[in-house]
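Residue numbers (the working numbering), protein chains in the order written: chain L, 7 to 668; chain A, 7 to 668.
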């Protein structure tokens, strides 16, 4: 195994986000979301689980509340009772803890920290002496530990704790939080590996890989790198591994019988990851694995792993990603389907999968400074991932469709997963805490440092201090305005490169001024590098905020003859509340002209696009026949109003569509 | 209960179909289809069941062949073994027998008749002394007879036998065939009714109602009318009837657990039929029930039943029917969804449901001479129903989609029911024999007589003799040509009315000449009546065979901005084999001009439509990005070729679409 490449001396001290847009979200997370989710997982509020696609009703026969904290108490011997909820119920606590840890860094809160410390203590008590922790197995199936990895989510759950433990240690210095994580890693080292006395397997739901890389990052211990390398390289070496375990555990003993025989492709375990050529199977499984893979490849420099990560990336981003950044085209197994298959009315686009794409993009970016990775982070945080949370912070989408007709969601069972409203909670509650931890950790997505270069790849206003006294202040009002000013203070006259991303929506037209001098750069690869030596450098980046019409590749059936509208990073949609009648009766003219207006009082402040270059079918009241011969529907000019996709479903329930007829 | 209205003296003696189009199909049925299906249900060929949406794999664990005849032999005590197949496996034999009976009327065949006689003998042996017959219950669950009517299909199965027995008696005079049917009806009378000692229930899958009406028709026995009346009026009176039976039989004892709790709407048993306002639930269940209802209403004249039938009709035809005549919008439960919800890529459109629509339309027509009922018969027999059978007669569609992309069928599980090829057989093999019996009985769909009027409602060339020596010869070459000549011979100078239907696609433009005199009629209600008194009358009807563009109602989301193409009764589609590339990249111009050419050598002879008034996206080979900014795809003029929908999927596998972008 290749040694990690040496790191440079440039490093980040502290990132402070000053962006109005993101401060609102991050304050909401600290003040509302984290408290709400803690009450929910502690069964202290009235929130009950809603209907979602993957809820096993049997798991909740003893109650419709989360029970996630309670399960840990039972495992810790503090409470008595049955395990309630899914195999991975513990992760609702861990992801909440991780999100809380991030908020403590920008929003110190002693009361919260007392709660989180107590939760860490509880987790420590629930953990077995050997490091194992999965409450459902400890409470209900102690004899089946590590014996049905395809479905057990044990490694997935421990992976989520490791992420949380690392984050909490980083935020608060709580050593116990890190110790639990290291004990878990030790448990996995004891049980998994190529040695004869170990299990030659891996988890059905990847997550441990990216988590162990975080543990490696914070501890620097090479054993965690090696363990990640094992889990990634061993996956799919024996395509029958899961079947053999299932057979030994008893086929009838499945947690989800449907998943017994769904095929190893679903678990991305049909062949070794280095032989895989595309993204397939369960979307979140695939992208979590790809995140760990990219991170490992970046650290080790192994070309075969880099290539494998690149193949997954290319297939998703160039062939299977919705314009909003959502991924996973089918509700059947929450899965990818195939290249250019992007149906808009039955799609899944799980919030977790979009969040996972930001993780994956960040690791790809760390490995290779290219604009496209930052573009995807930007796409997710302003669109596909962000739509997972309501403006109130306490309602969430699991599924993020591109087109919704509430009547179809209600009355056509093929669209029952396409909910027109965000829900208070889910039986499988992976999404709420996932979008929460992403927003709470947004400061980690602004800069990437490699060798001698600081890459400021997101246009989110911030004030950040680096090593050597370097400070960068970004003043910008994206996503609504296109001008960003960077004030770089470099008191020690360090020689380094400062790089900015030219977003794909502005690559044909942008202007960069360095100390009042316009510089001539082409922005190829979406990145512009400016050498810095002076004590003070002012850089202005002016991006092109015109309204863009987006056309899908001609291989995409679903969007033939349709257009989407994007301004800056924001993908727009039409909502029925702004556009009366059925949305499918609107048509954009060939070259529509849009007016943009920021509306302070609407949807917590959004930029609204309106156009009069549209028509709408005039429904004739006497035309009741289902089909008309040779009579094209009459159209009349109309106004069309578009709002940011992320902000839909925060007003009256109605139809929504990202793609518009033209 | 109202007495039946008196019948007039006008009656049909014999209908001989002379239409080239239909003779080919009917000869195929006699020479190929009926022998093939007999071998299949007798397990004498290699045909095995294929995958279909509703196949219970467990039912076939003892073999992948039909076993339908063998089940009867086991029930009859002639063979030993287990029941194999679905609850309703017996009906594959009965519907085959019914189809064979019809063929014997136009294609006498002593060998076939020996076989069918033997099958009747076998069925008689399998029938219990009390008249009961359902092989799965006799063999596997003798103690559960009539105890789980929601799922048992016992009445459905016996209904299908009754239809077959009546048809076979009518065709051959075989009394035993009728006796079996009457014994079954007696068994039902003994077990069902409002009396205290009887079951106050009905079958989960309607069919017995329309079958008992057939038995009433041929026997004239009022008890069968009364029994039909009971089954129809009792349905839904106690919405908990099925639940109570299921509870008593044991919930865990379900044949299809999913159907236990699906809701009584699914069975059209949520309230009394006279209180129902729309078509809902399982499409075939609903339309079979509606057929029996319409027939009963026609005979009794009961206005509440007529109204109930009319409401179902209106909801289907005006709000839930595909342009091809297919019905049932979702594969989930093979069901209706809701008004104006007509998705083209996930639709179900079961062949049986289209066949059922011809039954329903025929009964509505018998009750009320209106063109719209004949229009639907015509729509089904040339489109939605006919597409269920391949041109070779031995491959069948269960699902008849309006749009197919084979890659999606293969790789997107949401479309796995949308098969791009017809199958040799199915686990649930209801469709093959259903389309077969419809074609074999097509002669029953040409005329309807009421009071003093003979209504020749289909343009299918035939030579038919009536009472009083009346003979009508229709010479026409529909669906390809629009001129039909009727030669009416009336040797006894009987005074009667002759009526023809003006199809909805020709209602604005047609010409009728009676003995060389053009008559001035408006064709309102789609019917033109000509009084006949002379010994010889020649009537020429010239219909408008222009190519029509069809636009869907603006309430239909799926067809917004699309058009369909119809010429005469034939709905056209584009197939990829004629139109290279992806079909969704074609666009019809606003006012396209089509050339029509009958191609003798293509698809057993079809009328083909071509136009040069279309464009297609020119895919740029270097344009590999998934989304393009502000660059509308370039289009170039192209030729577009359309073939009749019924004939698709008889050449190379590829994409198909009925609706075209415009």
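Glycine included, each C-beta is placed from N, C-alpha and C at the ideal position. All of these numbers come straight from a predicted model, not from anything done at the bench.
Using only alpha-carbon positions, find the residue among 102(A), 316(A), 503(A) that is nearest to residue 166(A). 102(A)
In the region 611-635 of chain A, which residues sit with their C-beta less than 8 Å from some C-beta in chain L, listed in chain order? 623, 625, 629, 630, 631, 632, 633, 634, 635
Using Cβ-Cβ distances below 9 Å, what residues of the region 267-282 of chain L are close to chain A? none
Using a Cβ-Cβ cut-off of less than 9 Å, give me the residues of the region 42-57 of chain A that come near chain L, in sequence order. none
Checking contacts by CB at 8 Å: is residue 240(L) closer than that to chain A? no
Kindly give me the distance between the Cβ atoms of residue 254(L) and residue 153(L), rounded to whole angstroms, as I take these residues to be in contact under 8 Å. 7 Å
Under 8 Å by Cβ, that's how I've got residue 357(L) and residue 391(L) pegged, so tell me the actual separation to the nearest angstrom. 6 Å
Under three-state DSSP, which class holds residue 443(L)? helix
Reference residue 399(A); option with closest CA among 19(A), 24(A), 25(A), 31(A): 31(A)
Using 8 Å as the limit for Cβ to Cβ distance, is residue 414(L) near chain A? yes
Any C-beta of chain L under 8 Å from that of residue 327(A): yes
Tell me which residues share the same chain as residue 298(A) and place their Cβ nearer than 7 Å to its Cβ, disregarding the 5 neighbours each side in the sequence. 212, 215, 216, 219, 234, 238
Rounded C-beta distance between residue 72(L) and residue 435(L)? I'm assuming under 8 Å. 7 Å
Spatial neighbours of residue 411(A) in its chain, beta-carbon cut-off 7 Å, leaving aside the 5 residues before and after: 661
From 442(A), 526(A), 344(A), pick the residue whose C-alpha is nearest to that of residue 416(L); which is it? 344(A)
Just tell me which of 472(L), 340(L), 223(L), 99(L) has its CA closest to the CA of residue 306(L). 223(L)
Pull out every residue of the region 532-557 of chain L whose Cβ sits closer than 7 Å to any Cβ of chain A, in chain order. 554, 555, 556, 557
Candidates 552(L), 77(L), 40(L): closest to residue 113(L) by CA position: 40(L)
For residue 256(L), which three-state DSSP category applies? coil
Suppose you measure from the CA of residue 184(L) to the CA of residue 81(L); what does that come to, to the nearest Å? 20 Å
Contacts around residue 315(A), its chain only, beta-carbon distance under 7 Å, and the 5 residues preceding and following it disregarded: 296, 299, 300, 303, 370
Mind pulling the chain A residues with CB within less than 9 Å of residue 667(L)? 566, 567
Mind checking who residue 633(A) pairs with in its DSSP beta bridge? 558(L)
Residue 146(A) versus residue 278(A): straight-line alpha-carbon distance, rounded: 33 Å
Is the number of C-beta pairs between the region 177-194 of chain A and the region 454-466 of chain A that are closer than 8 Å three or more? no
Looking at the strands, I want to know which residues DSSP matches up with residue 395(A). 402(A)
Report the residues of the region 486-513 of chain L with a CB closer than 7 Å to any CB of chain A, ordered along the chain. 511
Please determine if the region 552-560 of chain A and the region 525-545 of chain L are in contact, where contact requires at least 3 C-beta pairs separated by less than 8 Å. no
Give the DSSP-derived three-state secondary structure of residue 333(L) in the structure shown. coil
Go ahead and label residue 586(A) buried or exposed: buried means 16 or more other beta carbons lie within 10 angstroms of its beta carbon, across all protein chains shown. exposed
For residue 201(L), name the three-state secondary structure that DSSP assigns. coil
Return the CA-CA distance between residue 365(L) and residue 359(A), expressed in angstroms with no decimal places. 49 Å
Count Cβ pairs between the region 19-31 of chain A and the region 470-481 of chain A that sit closer than 8 Å; are there 3 or more? yes
Which chain A residues are close to residue 324(L), counting only those with a beta carbon under 8 Å from its beta carbon? 630, 631, 632
Need the endpoints of the beta strand (DSSP E) that residue 32(L) sits in, please. From DSSP, residue 32(L) is part of no beta strand (DSSP E) but of the alpha helix (DSSP H) over 26-34.
On the DSSP bridge assignment, give the partners of residue 288(L) in chain order. 341(L)
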